[in-house]
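Everything below concerns the one structure shown next.
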Amino acid sequence: DIVMTQTPLSSPVTLGQPASISCRSSQSLVHSDGNTYLSWLQQRPGQPPRLLIYKISNRYSGVPDRFSGSGAGTDFTLKISRVEAEDVGVYYCMQATQYPYTFGQGTKLEIK
Amino acid sequence: QLQLQESGPGLVKPSETLSLTCTVSGGSITSSGYYWGWIRQPPGKGLEWIGSIYYSGSTYYNPSLKSRVTISVDTSKRQFSLKLSSVTAADTAVYYCARLESGSYGGGAFDIWGQGTTVTVSS
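Listed in order, the protein sequences are those of chains A and B. With my numbering applied, the first sequence covers 32 to 143. With my numbering applied, the second sequence covers 507 to 629.
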């Protein structure tokens, strides 16, 4: 199985300031078709997960442009340019390059 | 727009079989390139992929659960289902159904999720 490791596990951030979450995979996420199936999901308290980013850096429909994704191979980053109150929740990276699909442990974003 | 809704018993006894159904509305379950999956989340913990199915019936299971999991699809009812046998307290979780658009067609990510249903395993 591909192990997804996120850092930090908790991130206290001041409103209006940037935030960054790292995700590292135990092996390359480049698929044989040339794509990298690394996505980021947000889970607000009491809600189901919501897709933010797919294929490393593509924002899903309706996702604010303050969210951005980057990376390649085994190292990936989710950045929030200016944190807003509604961004509080847990963020997960997920790989769908290889079965079984696996998720990172989650990073809890909190407001200071 | 497409929506998913989980349904099934909220309480299951140890050693019995957990059965859940996900109903797809506002769209087709037979559209090419879409896989239908089950993901679970134990209380206070992270997400675990259980398995996925294509409308043709092709299934993909997490090896950690494979011996106990069956996922099936009923295209006439626009539903897909999860059965997890021989449950224990460790299977207590919120169970989500979700849609994944394959990489050949789109993002290769779970883009639409149901609200989730809580299943407790207890006698």
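Yeah, the Cβ is synthetic: ideal placement off N, Cα and C, and Gly gets one too.
In this structure, Glu141 of chain A sits away from Ser56 of chain A, with a CB-CB distance that is not shorter than 8 Å.
DSSP places Glu141 of chain A in the strand class (E or B) of the three-state scheme. In the displayed model, Ala595 of chain B falls within a helix according to three-state DSSP.
Within a 10 Å sphere around the beta-carbon of Asp580 of chain B sit fewer than 16 other beta-carbons, which makes this residue exposed. The C-beta of Pro569 of chain B comes closer than 8 Å to at least one C-beta of chain A.
Using a Cβ-Cβ cut-off of 8 Å, Lys86 of chain A counts as an interface residue toward chain B, since at least one Cβ of chain B sits closer than that to its own. With fewer than 16 other beta carbons inside 10 angstroms of its own, Pro569 of chain B counts as exposed. Assignment of beta-bridge partners to Pro43 of chain A by DSSP yields A:Glu141.
Rounded to the nearest whole angstrom, the CA to CA distance from Tyr130 of chain A to Thr67 of chain A is 14 Å. Under the three-state reduction of DSSP output, Asp580 of chain B falls in the strand class. Residue-level contact check: Tyr122 of chain A does not touch chain B, since none of the beta carbons of chain B fall below 8 Å from its beta carbon. Cβ contact annotation for Arg75 of chain A (same chain, cutoff 6 Å, sequence separation greater than five): Gly120, in chain order.
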